[in-house]
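Before any comments, here is the structure.
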Amino acid sequence: MDLRPRNLTAKQIERARSWLAYQPFIVTDDFQTGAGYSFAHKADPRETPALRFDRGLWDDEQWRDITVSNRALAAMYDDFVAAVATRYPGGSLLDVACNNGYMPVKAETLGMRRCIGLDQTDYAPSVKLLNEVLGTEVKFVFGSYDPLRHRGPERHRADVVMAMAIMCHLPDPLHFLKYLGGLAREAVLFWGQVVQTDSYLIAYNPPYKGLNRFEGFPHGFNDNTRISRGLLRDSLAGMGFRNQVEIGWRPEWLPQGLFVPRHPDLEGELAGGSPHIALLAMR
52 MDLRPRNLTA KQIERARSWL AYQPFIVTDD FQTGAGYSFA HKADPRETPA LRFDRGLWDD
112 EQWRDITVSN RALAAMYDDF VAAVATRYPG GSLLDVACNN GYMPVKAETL GMRRCIGLDQ
172 TDYAPSVKLL NEVLGTEVKF VFGSYDPLRH RGPERHRADV VMAMAIMCHL PDPLHFLKYL
232 GGLAREAVLF WGQVVQTDSY LIAYNPPYKG LNRFEGFPHG FNDNTRISRG LLRDSLAGMG
292 FRNQVEIGWR PEWLPQGLFV PRHPDLEGEL AGGSPHIALL AMR
């Protein structure tokens, strides 16, 4: 999201430099944020990813790569939100792991209303800043899904509930899907890795310390949690979300190979990672 046309004040720029990070924003000609560069250029983007970028700290080629990668990530995010906004004009959206608030704010700029961001980190200052700059009215809720109790905040339901790259860090994916379905009046938008089989499978990587606050068995299984395509689709259909549309990869996004690894068989996929899919499941 390019904030430069909004003519941010010096105070707003200072706040943006402090609060924006993981999601792709251009704040000034010389400062931008986003995880796209680490996705594209780091062997393991979990390891101290670069998220904030000052022009003076990078050479011309690096700055070009930073800009291209983060704009590609923004294009992907924008397409996800547009897929929802065009189907539910004036509807509401809840992002259950909203980070800086990119998704609900973008949804309101596209005509949706009463959008909400939920996160276990207090991103209220980010959302407040974006509302101020963009003229949106997104509400931030401080809270998260709790895999120990298989529950999360339940007061804030919406027409569309979005879960972006969050189930991969949870040990109880089916309970989490149930939680999402209970909050969504009309649709669920899921984005993450999915094992490419119609059989019913759940796969985990070994626990990765530091990804979340839960440790020990079974809650420590928090890395690259994946369910199979068949289990995802049938779980959503079983909750009433039977009209399912996959949003296919587009050349404007980050390179396809980053999100669609190729493996000769299921064992290779389970060991090396599964393709990311964006699935919009509607009633």
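Residue numbers in the sequence shown follow my numbering, run continuously in steps of one, and reach 334 at the last position. Glycine included, every Cβ here is placed at the ideal spot set by N, Cα and C. Remember, it's a predicted structure, so these values are computed and weren't measured experimentally.
Query	Result
Measuring CB to CB, does residue 131 end up less than 9 Å from residue 300?	no
May I have the straight-line CA-CA distance separating residue 178 from residue 71, to the nearest angstrom?	10 Å
So what does DSSP say about residue 89, is it helix, strand or coil?	helix
Could you tell me whether the segment 130-146 touches the segment 154-161, using the rule of 3 or more Cβ pairs below 8 Å?	yes
So what does DSSP say about residue 79, is it helix, strand or coil?	strand
Do the segment 113-126 and the segment 299-319 make contact, defined as three or more Cβ pairs closer than 8 Å?	yes
Give the secondary structure of residue 294 by DSSP, where H, G and I count as helix, E and B as strand, and everything else as coil.	strand
When the Cβ atoms of the segment 88-95 are set against those of the segment 132-139, are three or more pairs found closer than 8 Å?	no
Where does residue 220 sit, in a helix, a strand or coil, going by DSSP?	helix
Which class does residue 177 belong to by DSSP, given the choice of helix, strand or coil?	helix
Which residues in the same chain as residue 310 place their Cβ atom closer than 6 Å to its Cβ, once the five residues preceding and following it in sequence are excluded?	327
So what does DSSP say about residue 193, is it helix, strand or coil?	strand
Where does residue 119 fall in DSSP's three states?	helix
Alpha carbons only, please: which of 140, 330 and 81 is nearest the one belonging to residue 117?	81
Compare the C-alpha of residue 225 against each of 196, 208, 211 and 260 and name the closest.	196
Can you give the beta carbon distance from residue 321 to residue 254, rounded, assuming they're within the 8 Å contact cut?	5 Å
By DSSP, does residue 226 sit in helix, in strand, or in coil?	helix
DSSP three-state label for residue 105, please.	strand
Contact defined as beta carbons within less than 8 Å: I believe residue 324 pairs with residue 244. What is the distance between those atoms, to the nearest angstrom?	6 Å
In three-state terms, what does DSSP make of residue 325?	coil
Output the distance between the C-alpha atoms of residue 329 and residue 122, rounded to the nearest integer angstrom.	18 Å
Taking the continuous alpha helix (DSSP H) assigned at residue 156, which residues delimit it?	153-160
Are the segment 217-236 and the segment 285-300 touching by the rule of at least three beta carbon pairs closer than 8 Å?	yes
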